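To convert a position in the sequence shown, counted from 1, into the working numbering, add 52. Glycine residues also receive a C-beta, built at the ideal position from the N, C-alpha and C atoms. This one's a predicted model, so the numbers in the text were calculated from it and none came from an experiment. Take a look at the structure set out below.
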Amino acid sequence: MKANLNVSPLESWVNTDGKPLIIAGPCSAETEEQVLETAEGIARNGYAHIYRAGVWKPRTRPGSFEGKGEEALPWLQKVKEQTGLKTAVEVATPQHVELALKYGVDVLWIGARTTVNPFNVQDLADALKGVDVPVLIKNPVNPDLALWVGAFERIAGAGITKLGGIHRGFSNAQETKYRNSPMWQIAVEFKTSFPDIPLIGDPSHMAGKRAYLAELTQRAMDLNYDGLIIESHRNPDEAWSDASQQLTPDALGEMLNSIEFRNATYGTDFQSELDRLRARLDNLDRELMEVLASRMAIVEQLGEYKRDNNVAVLQLDRWKHVHQSRAEWAKSLNLYPEVVEELFKLIHMESIRKQTEVMNRQTV
Ligand code: PEP
Ligand code: MN
Numbered sequence: 053m054k055a056n057l058n059v060s061p062l063e064s065w066v067n068t069d070g071k072p073l074i075i076a077g078p079c080s081a082e083t084e085e086q087v088l089e090t091a092e093g094i095a096r097n098g099y100a101h102i103y104r105a106g107v108w109k110p111r112t113r114p115g116s117f118e119g120k121g122e123e124a125l126p127w128l129q130k131v132k133e134q135t136g137l138k139t140a141v142e143v144a145t146p147q148h149v150e151l152a153l154k155y156g157v158d159v160l161w162i163g164a165r166t167t168v169n170p171f172n173v174q175d176l177a178d179a180l181k182g183v184d185v186p187v188l189i190k191n192p193v194n195p196d197l198a199l200w201v202g203a204f205e206r207i208a209g210a211g212i213t214k215l216g217g218i219h220r221g222f223s224n225a226q227e228t229k230y231r232n233s234p235m236w237q238i239a240v241e242f243k244t245s246f247p248d249i250p251l252i253g254d255p256s257h258m259a260g261k262r263a264y265l266a267e268l269t270q271r272a273m274d275l276n277y278d279g280l281i282i283e284s285h286r287n288p289d290e291a292w293s294d295a296s297q298q299l300t301p302d303a304l305g306e307m308l309n310s311i312e313f314r315n316a317t318y319g320t321d322f323q324s325e326l327d328r329l330r331a332r333l334d335n336l337d338r339e340l341m342e343v344l345a346s347r348m349a350i351v352e353q354l355g356e357y358k359r360d361n362n363v364a365v366l367q368l369d370r371w372k373h374v375h376q377s378r379a380e381w382a383k384s385l386n387l388y389p390e391v392v393e394e395l396f397k398l399i400h401m402e403s404i405r406k407q408t409e410v411m412n413r414q415t416v
């Protein structure tokens with residue numbers, strides 16, 4: 053996917069000393085004490101650059117806590133004064149933008165439920181014309197990369213260059229391990245298509261539960277994300293929203309300490325080793341392709357034989373046998389059986405297609 057976007061580097065608006073950007077803070081601003089005490093804990097731990105707090109909360113059903121609104125904005129001003137942390141809030145309407153800017157919020161983010169709606173995003177873009185403020189755009193709740201990119205185009209169209217993406221996962225139709233499925237391949241495609249847009253992982257909204265935060269954070273760091281946004285609350289179990297996924301500021305510190313932060317850049321020794329390993333991969337991939345080509349040549353012969361003997365293309369017993377034996381071979385080779393199964397489904401589909409083509413080929 054392509055789009056012409058003018059994006060300022062992350063370092064132009066926040067100083068992280070080359071480390072991943074860390075945004076931490078409660079799902080929602082509830083009371084002045086809760087906002088300040090949580091911020092103090094986060095600042096004391098020293099890992100965060102920006103303090104987040106939801107002031108307007110998009111809730112699935114009415115009747116849940118919908119945020120304190122304008123009343124909470126002076127609390128965030130106090131956070132800035134007392135801790136030196138920058139602040140970030142979610143904006144969903146032009147009025148939110150106006151108020152957030154009036155109270156000196158440093159960074160705005162567009163929530164997943166807003167990114168899905170081009171009308172809303174355009175309204176925000178119009179409100180942001182002529183304003184120089186960083187805007188982070190969460191992925192839409194549905195796995196649609198184009199919709200996410202469209203939101204960037206609209207906001208960039210308003211002249212905003214300090215942009216970032218937040219990967220918070222995609223909602224599920226069924227109950228799954230995570231509250232929102234990461235679908236890492238979509239974020240990887242985003243990253244490869246738009247290498248200039250900083251990408252921030254939101255393990256909190258992917259996980260839905262504290263227990264999964266570390267594994268999702270590690271995954272984001274292994275994929276070389278530029279930062280993280282993680283929910284933290286002075287007393288998570290009592291939080292007015294997203295209680296089960298928040299960590300105390302100290303527990304967040306411990307969790308971050310358990311993460312391996314890998315190097316994004318490397319020296320020349322490393323580079324030559326990398327080149328050597330990549331060259332070996334290139335060779336192996338070529339061999340894989342040659343093996344596939346030989347396999348297809350045999351499939352073609354098989355198709356001709358079936359045609360001449362008037363045998364159907366698909367024999368279920370044979371397919372079951374292929375299916376089982378390949379999964380067992382995979383296990384004995386330490387490969388994931390599920391992955392091998394997917395691979396063979398593809399190979400088998402192509403084999404059926406080829407044999408059908410041979411069946412219908414005119415014989416001379
Ligand atoms: C949030 O960050 O608290 C939030 C509402 O997230 P999302 O837009 O990802 O659902
Ligand atoms: Mn939340």
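- Its chain contains Val-392, Glu-393, Phe-396 as the residues whose beta carbon lies nearer than 8 Å to that of Arg-378, once the 5 sequence neighbours on both sides are disregarded; these appear in chain order.
- Near the ligand PEP, residues with a Cβ at less than 5 Å from any of the ligand's heavy atoms are Cys-79, Gly-106, Gly-163, Ala-164, Lys-190, Arg-220, His-257; the list follows chain order.
- Runs of the alpha helix (DSSP H) lying entirely within the segment 286-313 and spanning at least 4 residues, in chain order: 301-309.
- Of the candidates Asn-56, Trp-371, Met-401, the residue whose Cα lies closest to the Cα of Thr-213 is Asn-56.
- Distances from the alpha-carbon of Lys-154 to those of Gln-129, Ala-144, Ile-162, Pro-170 put Gln-129 closest.
- Under the DSSP assignment, Val-141 falls in the beta strand (DSSP E) whose first and last residues are 138-142.
- Cβ neighbours of Val-240 within its own chain (closer than 8 Å, five residues either side excluded): Leu-275.
- Not one heavy atom of the ligand MN lies closer than 7 Å to the C-beta of Ser-223.
- Gly-77 is not a Cβ neighbour of Thr-68, given a cutoff of 8 Å.
- For Glu-290, the CB stays at least 7 Å from every heavy atom of the ligand MN.
- Secondary structure within the segment 123-173: the alpha helix (DSSP H) runs of 4 or more consecutive residues, fully enclosed, are 125-135, 146-154, 164-167 (chain order).
- If you draw a 10 Å sphere on the C-beta of Thr-167, you find 16 or more other C-beta atoms in it, and that means buried.
- Restricting attention to Asn-97, Pro-110, Asp-369, the CA atom closest to the CA of Asp-294 is found in Pro-110.
- Remark: the shortest separation between the CB of Glu-339 and any heavy atom of the ligand MN does not fall under 7 Å.
- For Arg-405, the uninterrupted alpha helix (DSSP H) run begins and ends at 389-411, by DSSP.
- Looking from the CA of Phe-222, the closest CA among Leu-398, Asn-232, Trp-292 belongs to Asn-232.
- Within the chosen limit of 7 Å, the ligand MN reaches the beta carbon of Asp-294 through at least one heavy atom.
- The beta strand (DSSP E) runs of length 3 or more contained entirely in the segment 171-234 are, from start to end of the chain, 187-190, 215-219.
- Classified as exposed, Tyr-357 has fewer than 16 neighbouring CB atoms from the shown chains inside 10 Å of its CB.
- By the neighbour-count definition (other C-beta atoms within 10 Å, threshold 16), Gly-217 is a buried residue.
- Taking all protein chains shown into account, Asn-172 has 16 or more neighbouring C-beta atoms within 10 Å of its C-beta and is therefore buried.
- In this structure, the alpha-carbon of Gly-136 lies about 12 Å from that of Val-66.
- The beta carbons of Pro-146 and Leu-176 sit closer together than 8 Å.
- The Cβ-Cβ distance between Ala-140 and Trp-161 falls below 8 Å.
- Collapsing the DSSP output to three states places Ile-350 in a helix.
- A distance below 7 Å between beta-carbons, with the five flanking residues on each side excluded, links Gly-202 to the following residues of its chain, in chain order: Pro-170.
- One alpha carbon belongs to Ala-164, the other to Phe-313, and they sit about 27 Å apart.
- Ile-281 carries a strand assignment under DSSP once its states are collapsed to helix, strand and coil.
- If you look at Arg-104, you'll find it in the beta strand (DSSP E) that goes 102-104.
- From the listed residues Asp-178, Leu-180, Ile-207, His-219, the smallest Cα separation to Pro-195 is found for His-219.
- The three-state secondary structure of Ser-80, taken from DSSP, is strand.
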